[in-house]
Structures are given as C-alpha cells and as structure tokens.
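Chemist: Count along the sequence shown from 1, add 15, and you get the number used in the working numbering.
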Amino acid sequence: MEIKIFEIIIFIRMLKLLTLLYEIRTMRIIIETIRNLLKPLTNLAGILMSIFYIFAQLGMLLFGGKVYKDSPFINNDPSIPNTYHLMNFNDLLSSFCTLFALMVVNNWMVVVKVYTNTMGNSWYEVYFGMFYYFSVVIGINIVVAFAIDMYSSVERLDHERIKTLDIL
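(1) Taking 8 Å as the threshold (C-beta atoms), are Ile44 and Glu175 in contact?
(2) From the DSSP output, in three-state form, read off Asp164 for me.
(3) Count the C-beta pairs between the region 32–52 and the region 154–171 that are closer than 8 Å, then say yes if the count reaches three, no if not.
(4) Going by beta carbon distance, what residues of the same chain come within less than 6 Å of Lys84, once the five residues before and after it are set aside?
(5) Taking all protein chains shown into account, decide if Ala60 is buried (16 or more other Cβ within 10 angstroms of its Cβ) or exposed.
(6) What ranges does the alpha helix (DSSP H) occupy inside the region 50–92, keeping only unbroken runs of at least 4 residues that lie completely in it?
(7) Could you compute how far the alpha carbon of Asp173 sits from the alpha carbon of Arg28?
(8) As a quick exercise: from Thr57, Glu47, Arg40, Val129, pick the residue whose alpha carbon is nearest that of Ser86.
(9) What residue from Thr48, Ile69, Ser94 has the CA that sits closest to Phe143's CA?
(10) Look at the alpha carbon of Lys31 and the alpha carbon of Ile18, and state the distance between them as a whole number of angstroms.
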C-alpha cells in the first residue's frame, strides 16, 4: 500500500512538468488544440460509436458463429494467419474489435477474404465496403479535418497574441 501511495505522489509531481511544457510555443499550440477538440470530437465519437454499433449488429446477424477456431476456410488457406479466427462477429465485443481493425485498415483485404470465403458469396464485400466508406472515408477524415482546422486556428490565435504582446 505504501508503494502505491509513493508512486501516486511521484506521478502527481511529474504532472507539474506539463506546466513547463505549456511554455514551449509548439507544445502550447498542441495542448490548446487538444483542449479545444474535446467537445467536437466527443460528439463525433458518439456518431462513430453509432456506426460501429449498427455495423456490429448487422455483422453478428450476417456472420455470427461462422468464423471459429477450427474454421475450414481459415485452416485450409495458408495465406490467412492462424489467429484470424479471433476477428469474428460472434459477440458484440469481438465485433467491435473486428470493426476497429477494419477501420484502421489493418489487413483489410485478408479479413474480407475470410468472410467472403466462409460465406461462399462475394456479395458480402458490400457490407465491408459500406463500413469502410462510413468509418474511414467519412468518419476518420472528419476527425483529421477537425484536428487540422483546430490546430491552424489555435496557431493563428497564438501568433496574433504574440504580436499583440510584442507591440505592448
């Protein structure tokens, strides 16, 4: 118990370094950007979670129970890694993990291949294409656009503040 309290005290003291980081102009801009992005990104995270939930439910309806440890399509295909049975839609949490891996485009084509081979129909690629469109093309691009816009706004305001201080 004493060690935990000591670690907490050290951690709190290290947080004081953040005030020093704020004095560096670039870090100040980054910190202000993150602070200003919290509200809009919270709303956007809610929208992304809704997209994830809808696609997870649809994925469980379409693919639930089809991919498992001894799936013949995974075991018989040497191009698919052995652990890809974990990328399944058997429950909600696994569905979210699978969709997150698809959102960050982590071996996207391999996952799609597993499911189209398992289902025996290439029409299931439409599901993955729609998820890619809504999560990556729209969702992630909006996050990046918000971040870039907020960073440039904060940088411009900080530059104007420095100019004002130089005049005084």
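Beta carbons are placed, not taken as given, at the ideal position from N, Cα and C, and that holds for glycine.
All figures in this text were calculated on a predicted structure; none of them were measured in a lab.
Modeler: A quick look at the data gives this:
(1) no
(2) Note: Asp164 maps to helix in three-state DSSP.
(3) yes
(4) His100
(5) exposed
(6) 87–90
(7) 28 Å
(8) Val129
(9) Ile69
(10) 21 Å
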